[in-house]
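Q:
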Amino acid sequence: MKSIQLFCKANCFCRPDHNREAYAGHNADPAVKASGGCYHAVTTGVQYNNLKTKNCELEGGLIASVHDSEKNAFLSQLVQKATSGKTSYFWIGYTKSDAGWTWEDNSTNPYTHWDTDNGEPNPNSVAKCAYVHMTTSSLFW
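Position 75 of the sequence shown, counting from 1, maps to 75 under UniProt numbering, and the rest follow consecutively.
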């Protein structure tokens, strides 16, 4: 399988000596800035089945889950910053089984941002993992 870059989320306060971006979610209060986690874009290619143990889990985190348009926009800005606006692909923590799609964080949030204009999600695809295709600020999956 093709190696794709990924997002990692660490559920901790963002240490200034690490290259992380704090996400406060719907709360812009600086006192709770990191309550939504610290994120970073891993810009070296990695296969999905290796990324959890070799990247995110080693740092005490998870592959990012996206539960609303605000976080989708936040991750879009993070990707643009990490890749200098170049076209890129990033894994997100959304996988498919016979039972359907599930989030890495086990949430049941129904939010999706599929690129429906290009037929996603493709029911005939054998793909078991979701990724975002960063070509514009839309960050479609």
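All C-beta atoms, glycine included, are put in the ideal place defined by N, C-alpha and C.
In this text the structure is predicted, and so the values were computed from the model without any measurement.
On a CA-only basis, which of W114, V126, W91 is nearest D98? Give me that one, please.
A: Minimum Cα distance to D98 is reached at V126.
Q: Any idea if L139 is buried or exposed, counting beta-carbon neighbours within 10 angstroms, 16 or more meaning buried?
A: Counting Cβ neighbours within 10 Å, L139 comes out buried, since at least 16 surround it.
Q: Can you tell me whether DSSP reads K33 as helix, strand or coil?
A: Here the model assigns K33 a pLDDT of 49, short of 50, so the residue's position is not dependable, and the following value carries that caveat. Three-state result, K33: helix.
Q: So the beta strand (DSSP E) S88 belongs to, where does it begin and stop?
A: Looking at the DSSP string, the run of the beta strand (DSSP E) that includes S88 is 88 to 97.
Q: Quick check: the Cα distance between W101 and G93, rounded to an integer number of angstroms?
A: In a straight line, the C-alpha of W101 is about 10 Å away from that of G93.
Q: Tell me, which residues are paired with G100 by DSSP?
A: Per DSSP, S97.
Q: Give the secondary structure of A41 by DSSP, where H, G and I count as helix, E and B as strand, and everything else as coil.
A: In this structure, A41 counts as strand in the three-state DSSP scheme.
Q: Name the DSSP beta bridge partners of C129, please?
A: T95.
Q: So, using beta-carbon positions, are Y111 and D68 closer together than 8 Å?
A: Yes, the pair counts as a contact, with Cβ atoms nearer than the cut-off.
Q: Which residues share a DSSP beta bridge with F74?
A: DSSP lists no partner for F74.
Q: When we look at the beta-carbon of G37 and count the other beta-carbons within 10 Å, is it buried (16 or more) or exposed?
A: It is buried - the Cβ of G37 has at least 16 other Cβ atoms within 10 Å.
Q: Please report the straight-line C-alpha distance between D105 and D117, rounded to a whole angstrom.
A: Going by the C-alpha atoms only, they are around 28 Å apart.
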